[in-house]
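The opening residue of the sequence shown carries number 3 in this note's numbering; numbering runs sequentially from there.
Beta carbons: idealized from backbone N, C-alpha and C, even for Gly.
Fair warning: this is a prediction, and the values are worked out from it, not measured in the lab.
Accompanying notes for the structure given below.
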Amino acid sequence: ADDFTGATDLAALLARSGARVALRIGVPAAPATDAAECEVVALKIRSAPAPEAVAQALAALDWLQAAGARRFYWKYCSTFDSTPQGNIGPVAEALMAALGTDRTLHAPSFPENGRRVFMGNLFVGRQPLAESPMKDHPLNPMTDSDLTRVLAAQSALPVGLVDWPTVAAGAVRAAVGPGHWIGDAISDGDLATLAEAVWDWPLLSGGSAFAGKLPDRLRAAGLLGAGAASNRPKMPAGRAIVLSGSCSAMTRQQVAAYGAGAPAFRLDPLALARDGAGATARMRDWLAAQDHPAPLVYATAEPDQVRAAQAELGTDRAGRVVEAALAAAARAARDAGVARFVVAGGETSGAVTQALAVDRLDIGAEIAPGVPWCVARDAAGPLAVALKSGNFGGPGFFAEALAAAAASAAAASAAASASGRGGARRAAPPEEEDAAAAALALTTKPSPLV
Ligand code: ADP
3 ADDFTGATDL AALLARSGAR VALRIGVPAA PATDAAECEV VALKIRSAPA PEAVAQALAA
63 LDWLQAAGAR RFYWKYCSTF DSTPQGNIGP VAEALMAALG TDRTLHAPSF PENGRRVFMG
123 NLFVGRQPLA ESPMKDHPLN PMTDSDLTRV LAAQSALPVG LVDWPTVAAG AVRAAVGPGH
183 WIGDAISDGD LATLAEAVWD WPLLSGGSAF AGKLPDRLRA AGLLGAGAAS NRPKMPAGRA
243 IVLSGSCSAM TRQQVAAYGA GAPAFRLDPL ALARDGAGAT ARMRDWLAAQ DHPAPLVYAT
303 AEPDQVRAAQ AELGTDRAGR VVEAALAAAA RAARDAGVAR FVVAGGETSG AVTQALAVDR
363 LDIGAEIAPG VPWCVARDAA GPLAVALKSG NFGGPGFFAE ALAAAAASAA AASAAASASG
423 RGGARRAAPP EEEDAAAAAL ALTTKPSPLV
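As structure tokens, this is what we get:
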């Protein structure tokens, strides 16, 4: 996958099939000795120069092949985030060459999230891609909705279209040959039709929803074991923390909703830049004084506040001081025994997982479309992270994530007692579950902006 939260999105959609899915943050240095049925490698190459993106993708391919993988998927954003230089086309072609195949089919559609491709044109909700907010993206503005043209500009091989009438007629297989193919899909059914036609190609490409159609087909072909709830990792017991560094519109609502019912500490980039050690120490002292099961530490702010901080510090430094403080909050919480981390923001997720020193995540229950709980392990034992990019989830996401963690721990504990194993060891003390439920109830109150 070409970025971090895109990788968790892909992992979540694969895990819906009941398969065992693990996510690696970057290409692991050592060969896999503990490979899951589906392995996702999270890279950070969406905006990298094409040669660097290709080199990293090939390194991931090598690692996956050494781990025993036999089918490969090149995952990028459902809004086809790329520039005329790449990296969707160049990476796909490098992977094709390495795998000895001359074709791949691209299906970026994610109907559940409003991304649909019709006659080669990508729609975001009701808007063509080039009229959607993606036209103003700071790194890769999307100014053409016709994906065959967008992909042709960054590819050496020809680009064809499997148009919707062909998909609807079930005539995909007869329509395709060597080269890149953009697959139309306006529904999950269309994605399933595409998957049925080309599932046996060595390399497929696109968004997470198309990938999510593959496990059932691979299972039918005997390439994947039976799906089972027991493939999900066990949710660790322990207190929680919510860390928010995203300033997106949805995250601002989520912080306001959650902060209305739980203790919240606001990180101010200007104070952090003036006296980082002092401001971080105050945050740590505040955290140590909380007996709530899931306090909130956030830098999330309104656009004018963000602009003011960026004007004074520069965009990079403002981001860096905030990420460093949230990383410090994560470490302090972990040292205090916190086991569940809800994190908002793509870059923020990278900073927090780095601070927690985790590099393998096993994919658990899905909280919102494309946002799963992930279980990792450090020297102190298992811990769980829910990593959400800015606009994912609804206004109640933080409380929903905590409730989902409590529910998944309770379900595992009930299953263990039903099977009579281990004397029904509880996944979490009852008072913690009750307090998490209370936090959930409190955050349903209407609330002012924090
Ligand atoms: P998203 O997924 O919404 O893009 P990210 O975590 O990827 O969220 O990016 C948000 C960036 O904004 C991070 O680098 C974060 O440190 C920075 N940031 C957070 N709060 C503020 C703030 N109050 N002022 C300036 N920058 C901020």
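Suppose the cutoff is 6 Å on Cβ atoms and the five residues either side in sequence are ignored; what does the same chain contact list for residue i look like?
i	result
alanine 251	none
valine 200	Leu107
alanine 14	Glu368, Gly372 and Pro374
aspartate 190	Pro113
valine 257	Ser246, Tyr300, Thr302 and Val452
threonine 10	Leu389
serine 49	Leu141
alanine 382	none
leucine 12	Ala3, Val42, Lys77, Ser210 and Ala213
Taking the beta carbon of residue i as the centre, do at least 16 other beta carbons fall within 10 Å, making it buried, or is it exposed?
i	result
arginine 72	exposed
serine 232	exposed
histidine 182	buried
arginine 175	exposed
leucine 141	exposed
glycine 280	exposed
alanine 417	exposed
glutamate 41	buried
methionine 98	buried
threonine 355	buried
glutamate 95	buried
methionine 121	exposed
aspartate 364	buried
Say the cut is 7 Å; is the CB of residue i nearer than that to a heavy atom of the ligand ADP?
i	result
glycine 392	yes
cysteine 249	yes
threonine 350	yes
valine 354	no
threonine 282	no
glycine 321	yes
glutamine 256	no
threonine 302	yes
threonine 81	no
threonine 253	yes
proline 143	no
glutamine 307	yes
proline 217	no
proline 271	yes
valine 340	no
valine 373	no
alanine 311	yes
glycine 8	no
valine 344	no
glutamate 314	no
glycine 396	no
glycine 278	no
valine 244	no
glycine 261	no
valine 387	no
valine 299	no
valine 324	yes
glycine 533	No information on residue 533 is available, as it lies outside the stretch 3 to 452 that the chain covers here.
Note down, in chain order, each residue of its chain lying with its Cβ closer than 8 Å to the Cβ of residue i, except the 5 sequence neighbours on either side.
i	result
alanine 242	Pro295, Ala296, Val340, Ala341, Arg342, Phe343, Val344, Leu404, Ala407 and Ala438
valine 360	Ile27, Ala378, Arg379, Asp380, Leu385 and Val387
threonine 145	Ala132 and Lys137
proline 110	Tyr78, Cys79, Ser80, Thr81, Phe82, Arg117, Val119, Leu124, Leu149, Gly208, Gly209 and Phe212
valine 308	Cys249 and Ala320
glycine 366	Ala17, Arg234, Pro235, Met237, Pro374, Trp375, Cys376, Val377, Ala386 and Ser410
aspartate 5	Ala44, Leu45, Lys46, Ile47, Arg48, Cys79 and Gly348
What residues in its chain sit with their C-beta under 7 Å from that of residue i, if we drop five residues either side in the sequence?
i	result
threonine 103	Trp203, Pro204 and Leu205
glutamate 325	Gly247, Glu349, Thr350 and Ala353
phenylalanine 112	Ser80, Gly209, Ser210 and Ala211
aspartate 277	none
valine 161	Thr150, Leu153, Ala154, Gly181, His182 and Ile184
alanine 52	Gln87, Gly88, Asn89 and Pro92
alanine 230	Gly20
alanine 194	Lys215
glycine 116	Val126 and Gly127
glycine 425	Only weak support exists for where glycine 425 lies, its pLDDT of 42 falling under 50; the value from the coordinates is given anyway. Once the five neighbours on either side are set aside, glycine 425 has no close Cβ partner at all.
alanine 197	Phe212, Lys215, Leu216 and Arg219
Quick one: which unbroken beta strand (DSSP E) runs of 3-plus residues sit fully inside the stretch 142-181? Chain order, please. 161-164
3-residue-minimum beta strand (DSSP E) runs that sit fully inside the stretch 181-250, ordered along the chain: 181-185, 205-208 and 242-246
Any beta strand (DSSP E) of 3 or more consecutive residues that is wholly inside the stretch 4-80: 23-27, 40-44 and 74-77
Whole runs of the beta strand (DSSP E) within the stretch 246-291, excluding any shorter than 3 residues: Fully enclosed beta strand (DSSP E) runs of 3 or longer: 266-268.
Could you pull out every unbroken beta strand (DSSP E) segment of at least 3 residues lying fully inside the stretch 101-134, listed in chain order? With a minimum length of 3 residues, the continuous beta strand (DSSP E) runs that stay inside the stretch 101-134 are 105-109, 117-120 and 123-126.
At what residue ranges does the stretch 276-360 contain a whole run of the alpha helix (DSSP H), taking only runs of 4 or more? 278-291, 305-315, 317-337 and 348-357
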